[in-house]
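So the structure is just underneath, and the comments pick up after that.
2 protein chains.
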Amino acid sequence: MAAGVNRQIILAARPEGNPRQSDFALRESAIPEPGAGQLLVRTLWLSLDPYMRLRIAEGGQYYPPVPLGDVMIGGGLSRVVTSNHAGFAAGDCIEAYTGWQDYAVIGGAGVRKIDPALGPLSTALGVLGMPGLTAYLGLIDVGRPEPGDTVVVSAAAGAVGAVVGQVARIAGCRAVGLAGSARKIAYLRDELGFDAAINYKTQEIGAALDAACPGGINVYFENVGGAVAEAVYPRLAKRARVVICGGVSQYNLVAPQTTVSNLQNILFTEARVGGFNIFSYEARYEDGLGRLARWLAEGRLKYKEDVVDGLENAATAFLRFFDGETFGKLLVRVAE
Amino acid sequence: MAAGVNRQIILAARPEGNPRQSDFALRESAIPEPGAGQLLVRTLWLSLDPYMRLRIAEGGQYYPPVPLGDVMIGGGLSRVVTSNHAGFAAGDCIEAYTGWQDYAVIGGAGVRKIDPALGPLSTALGVLGMPGLTAYLGLIDVGRPEPGDTVVVSAAAGAVGAVVGQVARIAGCRAVGLAGSARKIAYLRDELGFDAAINYKTQEIGAALDAACPGGINVYFENVGGAVAEAVYPRLAKRARVVICGGVSQYNLVAPQTTVSNLQNILFTEARVGGFNIFSYEARYEDGLGRLARWLAEGRLKYKEDVVDGLENAATAFLRFFDGETFGKLLVRVAE
Numbered sequence: 000m001a002a003g004v005n006r007q008i009i010l011a012a013r014p015e016g017n018p019r020q021s022d023f024a025l026r027e028s029a030i031p032e033p034g035a036g037q038l039l040v041r042t043l044w045l046s047l048d049p050y051m052r053l054r055i056a057e058g059g060q061y062y063p064p065v066p067l068g069d070v071m072i073g074g075g076l077s078r079v080v081t082s083n084h085a086g087f088a089a090g091d092c093i094e095a096y097t098g099w100q101d102y103a104v105i106g107g108a109g110v111r112k113i114d115p116a117l118g119p120l121s122t123a124l125g126v127l128g129m130p131g132l133t134a135y136l137g138l139i140d141v142g143r144p145e146p147g148d149t150v151v152v153s154a155a156a157g158a159v160g161a162v163v164g165q166v167a168r169i170a171g172c173r174a175v176g177l178a179g180s181a182r183k184i185a186y187l188r189d190e191l192g193f194d195a196a197i198n199y200k201t202q203e204i205g206a207a208l209d210a211a212c213p214g215g216i217n218v219y220f221e222n223v224g225g226a227v228a229e230a231v232y233p234r235l236a237k238r239a240r241v242v243i244c245g246g247v248s249q250y251n252l253v254a255p256q257t258t259v260s261n262l263q264n265i266l267f268t269e270a271r272v273g274g275f276n277i278f279s280y281e282a283r284y285e286d287g288l289g290r291l292a293r294w295l296a297e298g299r300l301k302y303k304e305d306v307v308d309g310l311e312n313a314a315t316a317f318l319r320f321f322d323g324e325t326f327g328k329l330l331v332r333v334a335e
Numbered sequence: 000m001a002a003g004v005n006r007q008i009i010l011a012a013r014p015e016g017n018p019r020q021s022d023f024a025l026r027e028s029a030i031p032e033p034g035a036g037q038l039l040v041r042t043l044w045l046s047l048d049p050y051m052r053l054r055i056a057e058g059g060q061y062y063p064p065v066p067l068g069d070v071m072i073g074g075g076l077s078r079v080v081t082s083n084h085a086g087f088a089a090g091d092c093i094e095a096y097t098g099w100q101d102y103a104v105i106g107g108a109g110v111r112k113i114d115p116a117l118g119p120l121s122t123a124l125g126v127l128g129m130p131g132l133t134a135y136l137g138l139i140d141v142g143r144p145e146p147g148d149t150v151v152v153s154a155a156a157g158a159v160g161a162v163v164g165q166v167a168r169i170a171g172c173r174a175v176g177l178a179g180s181a182r183k184i185a186y187l188r189d190e191l192g193f194d195a196a197i198n199y200k201t202q203e204i205g206a207a208l209d210a211a212c213p214g215g216i217n218v219y220f221e222n223v224g225g226a227v228a229e230a231v232y233p234r235l236a237k238r239a240r241v242v243i244c245g246g247v248s249q250y251n252l253v254a255p256q257t258t259v260s261n262l263q264n265i266l267f268t269e270a271r272v273g274g275f276n277i278f279s280y281e282a283r284y285e286d287g288l289g290r291l292a293r294w295l296a297e298g299r300l301k302y303k304e305d306v307v308d309g310l311e312n313a314a315t316a317f318l319r320f321f322d323g324e325t326f327g328k329l330l331v332r333v334a335e
């Protein structure tokens, strides 16, 4: 890469159904200059996450969509190159929504300084970052696990799901994970210590849930929606809690998203279903990260990364979310 | 009716789809004798409620189904004829699950003594009984209304819905009701003071909700499910609450009840959806009834009864729930 060039991946077309490579394009522009109170940062790691599909859709229910021709949004881990902000110095590592590009100019708002002592830098985008916090806070605050509960999590081998199951076990619960390959199932059971793991592609989900959850499902942590959700609701235990955190199976649907014609299982069980958005929990990030870091140091929390090299491969990597081919936290190594 | 005869309506067949007259039959048997600690009571009023449909279904998700040939379950208001129980005396008025029959022998558990000073006796089955308490406690405890909220309730002219809207207004909220006839719409607006009322049979529900709830729906009190629910979820406001109290549109479905393929609106809004079952709130009945009675005495709470005469007409009256033809609390006057 020539000095002075900022490579950017832009949204070239708004996808209908499954996103394609051609919905994204590489653009080269000049490295921007930071103004007063701003930072110039160099992207080291880019985080890829399913929620990004929502941000490139027409909609607008969640957050405003990325405009066509704009740099793709996304969180990343960067090093400060130049700082005109009293809170940051050149060389600092930060996490922020810097987008799919080599360099970004940002203000100080929403920027999290990373302590490299907590773990490898890339963990700040995974187990010690938004996915880890999402799992921890979503499970604790909406799922309210009690010792002895059976906690079911979908997309269990993903960056969020894997932490959900492990924190559930730390909280004294049984953890049951759903995932889509034999390798992932073995990983959940043998490496992460899940009490049971179900392959939703090869097993009959309902029967497998019956076997894994003989007393019903006390907590369901929802990352996928669709067929898994349909099998879960009739198996909720009395006073179950459901954390609606994501719905990756639904993000590519072209038809208007259907909602709910029958939520009677919620009535029967007096269940509590709650939507979870990590951005409403900023006041609890520090406390949550401290707990996750301690469990990581103690070996009670494990993680797996799925690393792709090169910004130019970000789009190809992103598309893997929609065929179930990711395994661990999906990251793009952009520099260093 | 000859003295010594106890007329009983029994479940003669388990309905598939809409219940029919032939699913019920009249049987005459002897008036039973109360044993030690028991009461013989004479039914005065019988309460008819949509939940009864669930109790005659195969299922078993909610409560065990009424066995074929057994007396139909249901709550009623009775006078004590003979008491072998220290807590009750002949002449007392009580509310209990005495079933569709002239006389019943019951123990003291689950029996509520009625204070005739609170209001007309029949109100103990409506606005000052389970429907009123369901509306009040469901709205307050699961719906958590805040002043300025917009509260939407389906089946708003029913025994529960009418109280929900009126209590919402007492709590400083705007009340929007859905009902299925011009008479009911006029009643909600002109007599009960709802801020808006929508005829779901003649209006496009989504557009009508948009007009009535320009800031979105803060609280939805669910009594029906189906098409109304589908229109409501995409219009939930940030941090909305949904009370799942009933789903009368779904009770007659023969196909296995579908659950949910997409609850993403709950994620987007960080909504909280909760199932409500009045029987979990016994500790709060007395307090709730005291509040409802006060509002009734002050004229802030109005009610309407739909009275059918004669036990022999109970089944015909019950069937009216499923064509939307009830208007007000449905009661059967059995005696006096």
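If you read the sequences in order, they're chains Z and X.
Heads up: the first sequence is residues 0 to 335, going by numbering that gives the first Met the number 0.
Heads up: the second sequence is residues 0 to 335, going by numbering that gives the first Met the number 0.
Yeah, the Cβ is synthetic: ideal placement off N, Cα and C, and Gly gets one too.
For X:G137, no CB of chain Z lies under 8 Å from its own CB, so it is not counted at the interface with that chain. Within its own chain, the residues whose Cβ lies closer than 6 Å to the Cβ of X:F317, once the five positions on either side in sequence are excluded, are L47, listed in chain order. Not one beta carbon of chain X lies nearer than 8 Å to the beta carbon of Z:G157. Assigned with DSSP and collapsed to three states, Z:A95 falls in strand. For Z:V272, at least one C-beta of chain X is nearer than 8 Å to its own C-beta. In the pairwise beta carbon analysis, the region 199-210 of chain X is classified as touching the region 224-244 of chain X: at least three pairs are separated by under 8 Å.
With a cutoff of 8 Å on beta-carbon distance, X:R111 and X:V80 are scored as not near each other. With a minimum length of 3 residues, the unbroken runs of beta strand (DSSP E) contained wholly in the region 160-210 of chain Z fall at 173-178, 195-198. With contact defined as three or more Cβ pairs closer than 8 Å, the region 18-31 of chain Z and the region 292-305 of chain Z are not in contact. For the pair X:G214 and X:A236, the CB atoms are nearer than the 8 Å cut-off. With respect to chain X, the C-beta atom of Z:S21 has no partner C-beta closer than 8 Å.
Contacts with chain X (Cβ-Cβ distance below 8 Å) from the region 264-289 of chain Z involve N264, I265, L266, F267, T268, E269, A270, R271, V272, G273, G274, F275, N276, S279, listed in chain order. Per DSSP, the beta-bridge partners of X:F23 are X:L10. Note: X:W44 is bridge-paired with X:L76, X:R332 in the DSSP secondary-structure output. Interface annotation, Z:I243: in contact with chain X, CB-CB separation under 8 Å. Secondary structure note for X:E304: it is in no alpha helix (DSSP H), and the uninterrupted beta strand (DSSP E) holding it is 304-308.
Looking from the CA of X:T149, the closest CA among X:F193, X:G125, X:I184 belongs to X:F193. For X:F220, the enclosing beta strand (DSSP E) has its first and last residue at 216-221. DSSP lists Z:R173 as the beta-bridge partner residues of Z:T149. A residue is called buried once 16 or more other Cβ atoms fall within 10 Å of its Cβ, and X:E297, having fewer, is exposed. The C-beta of X:S82 has 16 or more other C-beta atoms within 10 Å across all chains shown, which makes the residue buried.
Taking the Cα positions, Z:A95 is about 14 Å away from Z:L120. In the DSSP annotation of this structure, the continuous segment of the alpha helix (DSSP H) that includes Z:A226 starts and ends at 225-231. Identification of residues in the region 122-133 of chain Z having a C-beta nearer than 7 Å to some C-beta of chain X yields an empty set. For X:G246, the residues of chain Z that pass the 8 Å Cβ criterion are N261, L262, Q263, L266, in the order they occur in the chain. Taking 8 Å as the threshold, the shortest C-beta distance from Z:G73 to chain X does not fall below it. Taking every protein chain shown into account, the CB of Z:F278 has fewer than 16 other CB atoms within 10 angstroms, so this residue is exposed. For the region 209-225 of chain X, the residues whose beta carbon sits under 9 Å from a beta carbon of chain Z are, in order, E221, G224, G225.
The region 176-183 of chain X makes no contact with the region 276-291 of chain X: fewer than 3 CB pairs, one atom from each, lie closer than 8 Å. Z:L67 sits in coil when the DSSP states are folded into three classes, being neither helix nor strand. Just so you know, the alpha carbons of X:I169 and X:L138 end up roughly 12 Å apart. The beta carbon of X:R319 sits closer than 6 Å to the beta carbons of T325 from its chain, once the five residues preceding and following it are set aside; these are given in chain order.
Taking C-alpha positions only, Z:E311 is separated from Z:A334 by approximately 12 Å.
Beta-bridge annotation (DSSP): Z:K112 is paired with Z:I93.
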